[in-house]
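To start, the structure itself, in structure tokens.
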Amino acid sequence: MTVELDPLDARRVRHAPAPLRAFNDAGVLDAADVHVALRLMALGGESDASVTLAAALAVRGPRCGHVYVDLATIRDQATVDEADEPVDLAALPWPAAPDWMRALRRSTLVAVGEGDGAPSPLRLVGTALYLDRYWREERQIAADLRAFGQAAAAGARIDVLADGLRRLFPGQADDSQRLAAASATLRRFAVVAGGPGTGKTTTVARILALLGEQAASTGAPAPLVALAAPTGKAAARLEETVHSEASGLQVEEPIRAQLLAVKASTLHRLLGWRPGSHSRFRHDRSNRLAHDVVIVDESSMVSLSLMARLVEAVRPDARLILVGDPGQLTSIEAGAVLGDIVGPAAGGLLMRPPARRDLERAVGHEVSAHDPPTGAAFTGASFVPATDHVTVTGAPASTGVGDGIVVLDRLHRFGGGIAALATAVRSGDVDATIAALRAGTDDVTWIDVDVAEPDDPDALAAVREGAVAAAHDVMRAAAAGDTTRAIEALGAFRLLCAHRRGAHGATTWRGHVERWLSAEIDGFAAQGEWYVGRPLLVTENDYGLQLYNGDTGVVIAAEEGRVSAAFERRGEIMRLSPTRLDVVDTVYAMTIHKAQGSQFETAAVLLPPASSPILTRELLYTGVTRARTHLIVAGASEAVRAAVLRPVARASGLRSRLWKEG
0 MTVELDPLDA
10 RRVRHAPAPL
20 RAFNDAGVLD
30 AADVHVALRL
40 MALGGESDAS
50 VTLAAALAVR
60 GPRCGHVYVD
70 LATIRDQATV
80 DEADEPVDLA
90 ALPWPAAPDW
100 MRALRRSTLV
110 AVGEGDGAPS
120 PLRLVGTALY
130 LDRYWREERQ
140 IAADLRAFGQ
150 AAAAGARIDV
160 LADGLRRLFP
170 GQADDSQRLA
180 AASATLRRFA
190 VVAGGPGTGK
200 TTTVARILAL
210 LGEQAASTGA
220 PAPLVALAAP
230 TGKAAARLEE
240 TVHSEASGLQ
250 VEEPIRAQLL
260 AVKASTLHRL
270 LGWRPGSHSR
280 FRHDRSNRLA
290 HDVVIVDESS
300 MVSLSLMARL
310 VEAVRPDARL
320 ILVGDPGQLT
330 SIEAGAVLGD
340 IVGPAAGGLL
350 MRPPARRDLE
360 RAVGHEVSAH
370 DPPTGAAFTG
380 ASFVPATDHV
390 TVTGAPASTG
400 VGDGIVVLDR
410 LHRFGGGIAA
420 LATAVRSGDV
430 DATIAALRAG
440 TDDVTWIDVD
450 VAEPDDPDAL
460 AAVREGAVAA
470 AHDVMRAAAA
480 GDTTRAIEAL
490 GAFRLLCAHR
500 RGAHGATTWR
510 GHVERWLSAE
520 IDGFAAQGEW
530 YVGRPLLVTE
540 NDYGLQLYNG
550 DTGVVIAAEE
560 GRVSAAFERR
570 GEIMRLSPTR
580 LDVVDTVYAM
590 TIHKAQGSQF
600 ETAAVLLPPA
610 SSPILTRELL
620 YTGVTRARTH
630 LIVAGASEAV
640 RAAVLRPVAR
650 ASGLRSRLWK
660 EG
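Shown next, in the form of structure tokens:
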């Protein structure tokens with residue numbers, strides 16, 4: 000059908016030539032994609048319309064999380080940003096693939112193949128069209144990580160390591176944590192991967208203790224350690240966990256003091272962020288970080304570009320340890336880097352024989368290797384046919400990337416229905432997911448409705464009752480000046496939404512909760528913006544106040560009718576005048592993206608309809624695993640099935656570059 004377009008819509012470029020105009024009107028290309036492509040063509044003197052379209056699609060790719068656009072499959076895989084009416088993308092004027100490839104190979108704006116040659120704005124590798132910057136970053140990360148992975152850490156003492164493992168993991172049934180700690184001690188590059196509650200950050204504390212003991216055994220200075228994370232909130236949590244674990248470890252006091260002295264920062268602060276630039280830092284290949292050990296938590300949130308900047312800044316003789324869950328939501332920017340790095344090793348250890356023998360000597364038992372299915376590449380939590388332009392086959396013989404990768408597989412935080420549901424979602428098993436939701440366990444409640452238009456107005460009673468009861472508890476504690484209790488109550492219940500706006504969004508549901516509270520509590524929020532009990536969400540980093548994007552707090556009654564904003568930091572309460580807070584929001588509901596890395600006693604996950612483009616397996620998995628003791632999933636069965644069957648599919652060649660032979 001013909002859709003009437005708003006002539007004042009800023010998303011549309013009215014002067015765009017064919018065929019860009021059609022793709023822009025359909026919503027496949029954004030105005031920015033079109034403008035950049037047209038400017039690029041003008042600067043390069045290119046007039047071929049198919050090259051211009053390909054350039055616009057290449058610009059669109061990173062905006063949608065892709066590192067490149069595959070011109071052989073884009074016709075079938077393209078999506079629209081927004082559409083009020085269904086759009087038949089097959090009816091758009093797509094160029095014939097053979098003619099398209101020939102036009103690109105002739106263009107002076109396109110470099111062809113993997114050779115360096117003269118710089119060009121676009122790079123065509125097979126049918127994959129990159130912006131040159133992302134091609135170079137992808138190649139650089141792969142080359143640097145393969146170089147890190149080839150060599151064992153110099154001077155590692157197996158006897159000292161074995162003794163440390165016995166003390167720090169006494170009688171522990173979870174052997175994967177011991178293997179991860181040993182691998183990180185023995186290798187210059189390591190990955191500690193695993194889902195929520197598998198003990199990743201507690202393992203980090205033990206790795207640091209083992210590295211300190213290695214240095215002490217040879218009389219070397221204590222290693223200079225950098226702890227980092229993509230967000231200030233995640234960095235603060237990592238530092239707190241390491242300090243907390245340090246107090247109970249069976250180590251000498253100098254080692255304990257080293258752990259208590261280590262500090263964490265955001266990746267941007269570690270690398271030396273330059274104001275006015277998102278991609279350039281003070282530390283790079285010509286000015287390396289001084290640290291001997293660099294550990295990065297929540298690595299699944301690190302984009303391709305930021306990972307490139309990190310890897311090049313680490314000294315070649317230092318250790319790099321990545322920590323994270325490859326099954327969680329990825330960076331909002333281009334790439335799915337942690338998932339690409341873990342790759343087929345997510346299905347089991349993929350170590351070369353020398354690395355495996357060293358590990359066996361350290362842990363004192365045999366360690367078995369794993370061969371992935373031939374012709375398969377790991378994505379998310381299951382093997383699927385490889386689609387990258389280099390195929391992974393069999394166990395790696397020459398690449399050392401897998402020598403330090405261990406996936407933690409034993410849950411310590413939750414069990415029962417939540418664990419069963421999380422496992423089913425992560426494995427992409429729709430039937431098992433529906434069965435886990437319907438199992439009727441004490442810790443999982445499923446409300447099979449469209450949350451924006453439930454047939455029964457009482458269908459969401461459990462959500463309403465939970466939200467109101469939790470808010471009541473926060474307000475009572477805040478009014479009594481009991482800051483500790485108020486902050487504890489703040490983590491008892493949280494509404495989690497896929498979207499920020501719209502009928503299924505966090506902003507809308509915050510309004511619902513506020514209306515529920517107004518109906519239940521006389522004079523609710525009568526004190527104005529800073530009413531007692533208001534739950535706060537920090538939305539921008541404030542390094543001066545040590546508050547970070549994603550931190551939560553609460554408004555507390557203070558002396559003489561005043562109020563203060565209270566936050567918890569490193570186990571202590573920090574009180575601030577509300578006037579010192581620059582950018583905060585009310586947090587009765589938040590997005591699943593914003594909740595990443597947080598935990599709540601009860602999490603109510605409100606799913607959008609099946610047609611939502613951001614409803615994915617990773618989003619559902621991340622939402623499900625935010626709950627400690629009770630999970631409410633509110634969403635129609637169609638939405639659940641769509642989520643489980645829709646893993647995040649990001650075009651990237653990094654996995655192939657890391658895991659290919661040679």
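For the sequence shown, numbering that gives the first Met the number 0 gives the first residue as 0, with consecutive numbering after it. No residue lacks a Cβ here, since even glycine has one placed at the ideal position from N, Cα and C.
Reference residue i; option with closest CA among the options
| i | options | result |
| --- | --- | --- |
| Ile486 | Cys496, Leu495, Pro534 | Pro534 |
| Gly342 | Arg13, Gly652, Leu19, Leu459 | Gly652 |
| Gly194 | Leu657, Ala419, Leu123 | Ala419 |
| Ala180 | Leu657, Ile294, Ser367 | Ile294 |
| Ala151 | Leu358, Leu259, Ile433, Ala344 | Leu358 |
| Glu332 | Arg625, Thr551, Ala609, Pro61 | Pro61 |
| Gly334 | Leu349, Met350, Ala344, Val301 | Val301 |
| Ala233 | Leu209, Ser216, Leu207, Lys262 | Lys262 |
| Gln139 | Gly218, Leu37, Arg308 | Arg308 |
| Thr217 | Thr444, Val159, Gly522, Thr72 | Val159 |
| Leu544 | Ala497, Met573, Gly170 | Met573 |
| Gln598 | His629, Arg579, Ser576 | His629 |
Counted within 10 angstroms of its Cβ, other Cβ atoms place residue i as buried (16 or more) or exposed
| i | result |
| --- | --- |
| Asn23 | buried |
| Arg561 | exposed |
| Val582 | exposed |
| Arg654 | buried |
| Leu70 | buried |
| Ala479 | exposed |
| Leu536 | buried |
| Leu210 | buried |
| Arg645 | buried |
| Glu452 | exposed |
| Ala208 | buried |
| Pro94 | buried |
| Glu539 | exposed |
Residue i at chain B interface by Cβ criterion, 7 Å
| i | result |
| --- | --- |
| Ala227 | As a matter of chain content, chain B is missing from the structure shown, which is built from one protein chain. |
Residue i - containing alpha helix (DSSP H), residue span
| i | result |
| --- | --- |
| Met589 | Counting along the chain, Met589 falls outside any alpha helix (DSSP H), though it belongs to the beta strand (DSSP E) covering 588-590. |
| Lys339 | Position check: residue 339 holds Asp in this sequence, whereas Lys was assumed. Element bounds for Asp339: 336-341. |
| Phe22 | 19-25 |
| Pro646 | Element bounds for Pro646: n/a, residue is neither H nor E. |
| Ile446 | Taken as a continuous stretch (DSSP letters only), Ile446 belongs to no alpha helix (DSSP H), being part of the beta strand (DSSP E) at 443-446. |
| Tyr133 | 131-149 |
| Tyr620 | 616-623 |
| Leu516 | 505-519 |
Check whether residue i and residue j have beta carbons under 7 Å apart
| i | j | result |
| --- | --- | --- |
| Ile446 | Ala435 | no |
| Glu567 | Ala491 | no |
| Leu321 | Val190 | yes |
| Gln595 | Thr621 | yes |
| Ala668 | Leu619 | Any answer about residue 668 is impossible in this case: the structure gives the chain only from 0 up to 661. |
| Glu212 | Gly163 | yes |
| Ile206 | Ala183 | yes |
| Ala603 | Leu494 | yes |
| Arg145 | Thr398 | yes |
| Ser119 | Ala127 | no |
| Gly662 | Met350 | Nothing in the structure corresponds to residue 662, since the chain is present only between 0 and 661. |
| Trp99 | Ser49 | yes |
| Leu605 | Val429 | no |
| Ala505 | Thr585 | no |
| Asp32 | Ala17 | no |
| Ser304 | Glu136 | yes |
| Ala228 | Asp296 | yes |
| Pro671 | Ala214 | Look at the range of the chain in this structure, 0 to 661, and you will see that residue 671 is not part of it. |
| Leu270 | Ala312 | yes |
Element boundaries [beta strand (DSSP E), containing residue i]
| i | result |
| --- | --- |
| His629 | 626-633 |
| Ala228 | 224-228 |
| Ile572 | 571-575 |
| Ala602 | 599-605 |
| Leu321 | 318-323 |
| Leu584 | Contrary to the premise, residue 584 reads as Asp rather than Leu in this sequence. Run containing Asp584: 583-585, per the beta strand (DSSP E) assignment. |
| Ser563 | 562-568 |
Expected contact under 8 Å - CB spacing of residue i and residue j to nearest Å
| i | j | result |
| --- | --- | --- |
| Ser299 | Pro325 | 6 Å |
| Asp470 | Leu516 | A quick correction: the sequence has Ala, not Asp, at residue 470. So it is a contact: roughly 6 Å between Cβ atoms. |
| Val623 | Ile417 | 7 Å |
| Val366 | Leu178 | 7 Å |
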